[in-house]
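0 is the number of the first residue of the sequence shown in numbering that gives the first Met the number 0; add one for each residue after it. Report on one structure; see the data block that follows.
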Amino acid sequence: MVLSDLEPKAAAGEPFTRAEAERVLGCADLVSVGILGETARRACHGDRVTYGQVLTVSTSEVPTDLGEARELRLTTRPSSITEACAHVRAAAQVAGTIPVTGFSVADLVDLAGGDHLVLADFARQLHNAGLVAVASLPIDQLEEPAELVRALQHGGLGVWRATVERAVTVVTLEARVDLLDFLGLIEKVADLQRETSALKAFAPLPVADDAEAPSTGYDDVRTIAVARLMCPHVPSIQVDWATRGPKLAQVAIAYGADDLDNVPAFDSLALGHRRSPREEIERQITGAFASPAARDGRFELVR
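This is the structure we're talking about:
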């Protein structure tokens, strides 16, 4: 196979270089790409694939019924630190022992006016209000992310999830690699982890896809594989179950993903009343020849 010379490196859990990643991202043989991604995943986690059931709160009102949630995630964009803390306190009161995460590092940096000392103070206030970790670190929106992570950690908050906010507009895979430096974002995540060891997961598929040139499933699985191969020191490569759907999430496991995030906390009418979200996600993971394991918002196994 065209990438077989790279298999020993994947099996050893060694980080791929940019040149090697370009070979993978540009490879038309998806079987070879999948072998590398799955080999690297198994080197990190064996056959275990984790999943997190999340109740996402996108308004100022916090629901009192949390369903099967193992994480309560606030996704609002606060207009002030006072508003953010009030939202966290309300969520923490409802959540009890369930971890509360919230907000974007980019939004908190904006509130702090880019001042790292102010950011650390904001983090301290949010932590005291009951926040466990910032919900996302959008790697494509931040300069010097390591310094920001240290400021937030100094204030007591975890920064565990690196994300990509917007898709790179491309015409071909070669354009993604050579012209728009998509691999640079993945390298940035790898560098951040080497500097801070803060991350527990990286979700490399963009939160918002380009409506004019949306990525294809081929692009997505290659991206998952390359993220796993370039970032072996980031514990988990993550796919969002709610936005990507069960089919892509299941296929992604075969390309290196080992964590399915944002699994609903409540039954979906689309699944009928005979199958809970937990039963559905475990069925999908088992169907990908992996062993499902539930985790909470701290990335700790719950059973």
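Beta carbons are placed, not taken as given, at the ideal position from N, Cα and C, and that holds for glycine.
Under 8 Å Cβ to Cβ from residue i, same chain only, skipping five residues before and after it: list those, please.
i	result
residue 14	189, 228, 229, 230, 231 and 232
residue 270	Its pLDDT being 47, under 50, residue 270 is placed unreliably by the model, and the measurement read from it follows with that caveat. These residues qualify, in order along the chain: 276 and 279.
residue 204	163, 214, 219, 222, 223, 238, 239 and 243
residue 23	2, 5, 15, 32, 35, 221, 224, 225 and 228
residue 303	The first residue shown for the chain is 0 and the last is 302, placing residue 303 beyond what the model contains.
Since residue i and residue j should fall inside the 8 Å C-beta cutoff, what is the C-beta to C-beta distance between them, to a whole number of angstroms?
i	j	result
residue 33	residue 248	About 15 Å separates the two Cβ atoms, so there is no contact after all.
residue 39	residue 255	6 Å
residue 91	residue 129	3 Å
residue 165	residue 207	5 Å
residue 195	residue 148	5 Å
residue 124	residue 97	So it is not a contact: roughly 21 Å between Cβ atoms.
What does the Cβ neighbour count give for residue i, buried or exposed, with the cut at 16 atoms within 10 Å?
i	result
residue 221	buried
residue 261	buried
residue 111	buried
residue 246	exposed
residue 20	buried
residue 30	exposed
residue 7	exposed
residue 172	Low confidence applies to residue 172: its pLDDT is 48, below 50, so where it sits in the model is not reliable, and the reading given next is rough at best. Buried, because 16 or more other Cβ atoms sit within 10 Å of the Cβ of residue 172.
residue 177	Only weak support exists for where residue 177 lies, its pLDDT of 42 falling under 50; the coordinates are left without a value.
residue 60	exposed
residue 37	buried
residue 18	exposed
residue 51	buried
residue 27	exposed
Is residue i near residue j, with beta carbons less than 8 Å apart?
i	j	result
residue 104	residue 73	no
residue 49	residue 258	yes
residue 106	residue 154	no
residue 198	residue 145	no
residue 187	residue 138	yes
residue 226	residue 284	no
residue 62	residue 102	no
residue 116	residue 108	no
residue 42	residue 11	yes
residue 234	residue 200	yes
With a threshold of 6 Å on Cβ separation, who are the neighbours of residue i within its own chain once the five nearest residues in sequence on each side are excluded?
i	result
residue 94	71
residue 54	65, 68, 71 and 264
residue 47	290 and 292
residue 89	61
Looking only at its own chain, which residues have a Cβ that is under 7 Å from the Cβ of residue i, when we skip the five neighbours before and after it?
i	result
residue 132	100, 156, 157, 158 and 159
residue 57	74 and 75
residue 301	69, 293, 294 and 295
residue 273	Reliability of the predicted coordinates at residue 273 is poor, the pLDDT of 48 falling under 50, and no value is obtained from them.
residue 44	257
Could you check if residue i belongs to the surroundings of the ligand GDP, using beta carbon to heavy atom distance under 7 Å?
i	result
residue 228	Looking at this structure, you won't find the ligand GDP or any other ligand, since it has none at all.
I'd like to know if residue i contacts chain D, where contact means its C-beta is closer than 8 Å to some C-beta of that chain.
i	result
residue 133	Protein chains in the displayed structure number just one, and chain D is not present.
**OP:** Jot down the residue ranges of each uninterrupted alpha helix (DSSP H) in the stretch 9-70, minimum 4 residues, whole runs only, in chain order.
**Re:** 17-24 and 29-44
Subject >> Runs of alpha helix (DSSP H) lying entirely within the stretch 179-207, each at least 4 residues, in chain order >> reply: 181-195
Original post:
Quick one: complete alpha helix (DSSP H) runs, 4+ long, within the stretch 235-292?
Top reply: 240-252 and 276-286
Original post:
Can you give, in chain order, each stretch of the alpha helix (DSSP H) that sits fully within the stretch 113-162 and has at least 4 residues?
Top reply: 115-128 and 144-153
Subject >> Complete beta strand (DSSP E) runs within the stretch 68-109 (minimum length 3 residues, chain order) >> reply: 70-73 and 99-103
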